[in-house]
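A.B. asks: Dumping the structure here so I can ask a few things about it.
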DNA sequence: AAGTGAATTGAAACCGGTTCCATTATGAAG
DNA sequence: CTTCATAATGGAACCGGTTTCAATTCACTT
């Protein structure tokens, strides 16, 4: 099936190609009569314009790339959903770049703003280095960071420090003092995830604010995943003075803790309080107390910010949007068993 | 920053644009000396070719669209992961079209093969109608269906009937006869999901093969989601003769059943056996007996099939790949409590 | 020395749109 | 009856690459 081009349509309608183009773009500079004739020709030939050609001549690609380590965490998918919903309405294509290794991360951040002519770039959860940011700025591709921060770029973040502080404060308010933290290895953060650092900071801050001394043995670090969290929780239970409450870096890790508790016949929340972070969908299923962060919204807002950025091609002041977190109290937290006389 | 074009490079290197193009495409028809000079000019100008222009002149868009109702089921994301991994290595861009309403489904299937010049199309879990398939065939855009079937297009599917049969057979082998099925509303299937029909069929087939009469009250239909499954399970428990085993359409629904059992103080598996379908990640966490289907692989195979299709632009016989399922026995199934004398 | 062929090269033509500019038709104003 | 603005239109130029084709160079035959 030979491709029908705008010239075929023009010939068939007996008009010039410019006129056809005007009809396609709803220009007012076409008489109704001519417009009809062109429309008929278009239908008769089953013509549809080539987006690639249109992109070339317009100098815009009508495509936005989203780069993220999508499949490693459930929460990124929810963010992607927010992005997709906003972009779908905008007419821009969403090109997905998944990043699972640091090598690919670097390759993407290097090559994306170069080879591809993108109209915009959304970087999710990956904190670019200064030199990468410079490259992005020079390349003139509007970029927005979601769940990552850099001074020079517009960002959408969540106040992880405050969220974590709230979580721990909730435990303190219930009367807990022996509060452990289960998270990822802070020294092994190749993707430079900021929340890893911030939530730990919130934990420390809350303890300090309540004059509860930090006990290193209550700080567990390990690889990400509920299996590993299970293991870490068990090592906490084995301590001489085990914690009465555990704050987990994420809901996923909290599930590992819950499982470990069940395994060790510790009843939650009477013998052990557990609190997570994220409020992913199944958290409700488990009745997990957690800190909700607006995942969907962070993506949606990021996409909106990017679209604004693209439209107002002028260099406006970079915005840093910080979304709030919210404590969601369910059934895995309660006052500690022993009264604290 | 004015865009650097191939002509700028040519001028700077003192050669023709054709030569620059040849260097870019690793053509052997360039002398080493010239090649070096061009390379230097490219670096000096920080030039990178416009992919859009390249696409236009080559007549290929180097883009593959993936269309699916991604965010309604966990399992689609896993399939997407398989697709992404294969495509990432291929050099094709992955353009994501999410479909959450039937209106958007129709709009996508109509417009995608038209306006956009795609090199390929992957349709996930959406069964196109005959007229849509005709349109696709006429449009010359290679298309592969994953988790959906149509005679005229290459497909990757799972034998849902057999999988369901295996699941129910497993329950029968354990000695169950009062086996209920919890699934979606069969009469309300706007997206035309084939597995909904097939798994129910497998359930019926297995019962029939074992000469166990089908009891309509054991067939629960409702909206998708564990909450609804919870409700349906409770209505089953309230029957005069409640089932001793429940086969759930998916793991997600099975979780709802497990929760309902816990809620009603029914112990699993001694008083109630539960089996799911999919083997999503958390199924292992719950020790759920289920039927594993190769989600990741189905996406990967689909993408591979599509790439083959694109390369061998000739019309080869359409392939229909059927992937096997596998029974994964964990801890939610056991022989029924009452002995069946 | 003229002829052959391979290697290398420059530039025109092309991909399929958009946009700008020149041209014509039309109607109102002077 | 000009004069001029305005609406409508055709088509060239352009976007930035690839590809084709003709031209040039140079070594090697005969």
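Protein chains in written order, with our numbering: chain A, 1 to 341; chain B, 1001 to 1341.
Glycine included, every Cβ here is placed at the ideal spot set by N, Cα and C.
Kindly list, in the order they appear in chain B, the residues whose Cβ is closer than 7 Å to that of residue 88 of chain A.
C.D. replies: As a working note, residue 88 of chain A is residue 88 in the first chain. 1098, listed in chain order.
A.B. asks: Specify whether the segment 234 to 254 of chain A and the segment 168 to 182 of chain A touch according to this definition: at least 3 beta carbon pairs, one from each stretch, less than 8 Å apart.
C.D. replies: Counting Cβ pairs under 8 Å, three or more are found: they touch.
A.B. asks: Which residue from A/73, A/35 and A/23 puts its Cα closest to that of residue 49 of chain A?
C.D. replies: Counting from one through the first chain, the residue named residue 49 of chain A turns up at place 49. If we check each option's Cα against that of residue 49 of chain A, A/23 comes out closest.
A.B. asks: So which residues on chain B does residue 53 of chain A lean against when the C-beta distance must stay under 7 Å?
C.D. replies: For the purposes of this step, residue 53 of chain A is identified with residue 53 of the first chain, where counting begins at 1. The answer, in chain order, is 1056.
A.B. asks: Helix, strand or coil: which one does DSSP assign to residue 292 of chain A?
C.D. replies: In the first chain, counting from the first residue as 1, residue 292 of chain A sits at position 292. Of the three classes helix, strand and coil, the one that applies to residue 292 of chain A here is strand, per DSSP.
A.B. asks: Between the segment 4 to 20 of chain A and the segment 44 to 58 of chain A, can you find at least three pairs of beta-carbon atoms closer than 8 Å?
C.D. replies: Verdict: yes, contact present.
A.B. asks: Alpha carbon to alpha carbon, how far is residue 1155 of chain B from residue 293 of chain A? Give it in angstroms, no decimals.
C.D. replies: Taking the first chain and counting its residues from 1, one reaches residue 293 of chain A at position 293. Taking the second chain and counting its residues from 1, one reaches residue 1155 of chain B at position 155. Between residue 293 of chain A and residue 1155 of chain B, the C-alpha separation is close to 39 Å.
A.B. asks: Measuring alpha carbon to alpha carbon, tell me which of A/117, A/136, A/91 and A/88 ends up nearest residue 106 of chain A.
C.D. replies: Residue numbering aside, residue 106 of chain A sits at position 106 when the first chain is read from its first letter. Minimum Cα distance to residue 106 of chain A is reached at A/136.
A.B. asks: Can you check whether the C-beta of residue 1093 of chain B is within less than 8 Å of a C-beta belonging to chain A?
C.D. replies: Sequence index remark: in the second chain, residue 1093 of chain B carries index 93 (1-based). Interface residue, yes.
A.B. asks: Tell me which same chain residues have a C-beta within less than 7 Å of the C-beta of residue 1304 of chain B, skipping the five on either side of it?
C.D. replies: Position 304 of the second chain holds residue 1304 of chain B. 1086, listed in sequence order.
A.B. asks: Can you pull the chain B neighbours of residue 255 of chain A, defined as C-beta to C-beta under 9 Å?
C.D. replies: The residue labelled residue 255 of chain A in the question sits at position 255 within the first chain. Near residue 255 of chain A (Cβ distances below 9 Å), the residues of chain B are 1282 and 1285.
A.B. asks: Please compile the residues from chain B whose C-beta is within a distance smaller than 7 Å of the C-beta of residue 61 of chain A.
C.D. replies: Translated into positions along the first chain, residue 61 of chain A becomes position 61. Near residue 61 of chain A (Cβ distances below 7 Å), the residues of chain B are 1052.
A.B. asks: Which value, in whole angstroms, describes the spacing of the CA atoms of residue 1276 of chain B and residue 65 of chain A?
C.D. replies: As a working mapping, residue 1276 of chain B is identified with position 276 in the second chain. As a working mapping, residue 65 of chain A is identified with position 65 in the first chain. Roughly 37 Å separates the two Cα atoms.
A.B. asks: Between the Cα of residue 269 of chain A and the Cα atoms of A/335, A/68, A/183 and A/158, which residue gives the shortest distance?
C.D. replies: If you number the first chain from 1, residue 269 of chain A lands on position 269. Of the candidates A/335, A/68, A/183 and A/158, the one whose C-alpha sits nearest the C-alpha of residue 269 of chain A is A/335.
A.B. asks: Give me the residue from A/28, A/61, A/53 and A/161 with the minimum Cα distance to residue 1059 of chain B.
C.D. replies: Start at 1 with the first residue of the second chain, and residue 1059 of chain B comes out as number 59. Cα-wise, what sits closest to residue 1059 of chain B is A/53.
A.B. asks: Can at least three beta-carbon pairs, one atom from the segment 1090 to 1104 of chain B and one from the segment 1146 to 1162 of chain B, be found at a separation below 8 Å?
C.D. replies: With a cut-off of 8 Å, the segment 1146 to 1162 of chain B and the segment 1090 to 1104 of chain B do not count as touching, because too few Cβ pairs lie within range.
A.B. asks: How about residue 186 of chain A and residue 217 of chain A: do their beta carbons lie closer than 8 Å?
C.D. replies: For the purposes of this step, residue 186 of chain A is taken as residue 186 along the first chain, with counting starting at 1. For the purposes of this step, residue 217 of chain A is taken as residue 217 along the first chain, with counting starting at 1. Not in contact: residue 186 of chain A and residue 217 of chain A (Cβ atoms no closer than 8 Å).
A.B. asks: Suppose contacts are defined by Cβ-Cβ distances below 8 Å. Is residue 1160 of chain B in contact with residue 1199 of chain B by that definition?
C.D. replies: As a working mapping, residue 1160 of chain B is identified with position 160 in the second chain. As a working mapping, residue 1199 of chain B is identified with position 199 in the second chain. Cβ distance < 8 Å, so residue 1160 of chain B and residue 1199 of chain B count as in contact.
A.B. asks: Taking the alpha-carbon of residue 1227 of chain B as reference, which of A/309, A/134, A/144 and A/281 has the nearest alpha-carbon?
C.D. replies: Residue numbering aside, residue 1227 of chain B sits at position 227 when the second chain is read from its first letter. Taking only the C-alpha atoms, the option nearest residue 1227 of chain B is A/281.
A.B. asks: Just tell me which of A/317, A/307 and A/324 has its CA closest to the CA of residue 90 of chain A.
C.D. replies: The residue you call residue 90 of chain A lines up with position 90 of the first chain. It is A/307 whose Cα lies nearest to the Cα of residue 90 of chain A.
A.B. asks: Pull up the DSSP beta-bridge partners for residue 1093 of chain B, would you.
C.D. replies: Counting from one through the second chain, the residue named residue 1093 of chain B turns up at place 93. For residue 1093 of chain B, which the question treats as bridged, DSSP gives the partners B/1063.
A.B. asks: Quick check on residue 1071 of chain B - is its C-beta less than 8 Å from some C-beta in chain A?
C.D. replies: The sequence position of residue 1071 of chain B within the second chain is 71, counting from 1. Yes, contact with chain A.
A.B. asks: With DSSP collapsed to three states, give me the class of residue 1341 of chain B.
C.D. replies: On the second chain, residue 1341 of chain B is found 341 positions in, with the first residue counted as 1. The predicted position of residue 1341 of chain B is uncertain, since its pLDDT is 44 and thus under 50; a value taken from the coordinates is nonetheless stated next. Note: residue 1341 of chain B maps to coil in three-state DSSP.
A.B. asks: Given residue 1328 of chain B, which residues of its chain have a CB within under 6 Å of its CB, disregarding the five upstream and five downstream residues?
C.D. replies: Position 328 of the second chain, counted from the start, is the residue given in the question as residue 1328 of chain B. So the qualifying residues of the chain are 1279, 1290 and 1292.
A.B. asks: Provide the residue(s) that pair with residue 1100 of chain B in DSSP beta bridges, ordered along the chain.
C.D. replies: For the purposes of this step, residue 1100 of chain B is identified with residue 100 of the second chain, where counting begins at 1. Per DSSP, none; premise fails for residue 1100 of chain B.
A.B. asks: Using a Cβ cut-off of 7 Å, pull out every chain B residue sitting near residue 308 of chain A, in sequence order please.
C.D. replies: Walking along the first chain from the start, residue 308 of chain A turns up at place 308. Chain B residues near residue 308 of chain A: none, gap ~21 Å exceeds 7 Å.
A.B. asks: Between which two residues does the alpha helix (DSSP H) carrying residue 1217 of chain B extend?
C.D. replies: As a first step, residue 1217 of chain B must be located in the second chain, where it is residue number 217. Residue 1217 of chain B -> no alpha helix (DSSP H), and no H or E assigned at all.
A.B. asks: Could you tell me how far apart the beta carbons of residue 146 of chain A and residue 31 of chain A are, in whole angstroms, since I believe they sit closer than 8 Å?
C.D. replies: Counting from one through the first chain, the residue named residue 146 of chain A turns up at place 146. Counting from one through the first chain, the residue named residue 31 of chain A turns up at place 31. The Cβ separation is near 47 Å, so there is no contact.
A.B. asks: Residue 1325 of chain B and residue 1163 of chain B look like a contact to me (Cβ under 8 Å); what is the Cβ gap, rounded to whole Å?
C.D. replies: Against the second chain, residue 1325 of chain B aligns to sequence position 325. Against the second chain, residue 1163 of chain B aligns to sequence position 163. About 4 Å separates the two Cβ atoms, so the contact holds.
A.B. asks: Thinking C-alpha only, which one of A/237, A/102 and A/108 is nearest residue 188 of chain A?
C.D. replies: On the first chain, residue 188 of chain A is found 188 positions in, with the first residue counted as 1. When only C-alpha atoms are compared, the closest one is A/102.
A.B. asks: Look up residue 1277 of chain B in the DSSP assignment and say whether it is helix, strand or coil.
C.D. replies: Here residue 1277 of chain B refers to the residue found at position 277 when the second chain is read from its first residue. Residue 1277 of chain B: coil per DSSP, three-state reduction.
A.B. asks: Quick one: residues in its chain with C-beta nearer than 8 Å to the C-beta of residue 1341 of chain B, no 5 flanking neighbours on either side, listed in chain order?
C.D. replies: Within the second chain, residue 1341 of chain B is the residue found at index 341, counting from 1. Low confidence applies here, because residue 1341 of chain B scores a pLDDT of 44, under 50, leaving its location unreliable; read the following figure in that light. Cβ neighbours of residue 1341 of chain B beyond the five flanking positions: none.
A.B. asks: Of all the options B/1017, B/1272, B/1158 and B/1165, which has the alpha carbon lying nearest to the alpha carbon of residue 1320 of chain B?
C.D. replies: Your numbering for residue 1320 of chain B matches position 320 in the second chain. Checking every option, the nearest Cα to that of residue 1320 of chain B belongs to B/1158.
A.B. asks: Take the Cβ of residue 1209 of chain B as the centre, count every other Cβ of all protein chains shown within 10 Å, and call the residue buried at 16 or more, exposed below.
C.D. replies: Looking up residue 1209 of chain B in the second chain gives position 209. Per the 10 Å Cβ criterion, exposed.
A.B. asks: Below 8 Å, how does it come out for the segment 164 to 176 of chain A and the segment 126 to 145 of chain A: are there three or more Cβ pairs, yes or no?
C.D. replies: Because the criterion of three Cβ pairs below 8 Å is not met, the segment 164 to 176 of chain A and the segment 126 to 145 of chain A do not touch.
A.B. asks: Could you check what DSSP says for residue 1086 of chain B in three-state terms: helix, strand or coil?
C.D. replies: Within the second chain, numbered from 1, the residue matching residue 1086 of chain B stands at position 86. Reduced to three states, the DSSP call for residue 1086 of chain B is helix.
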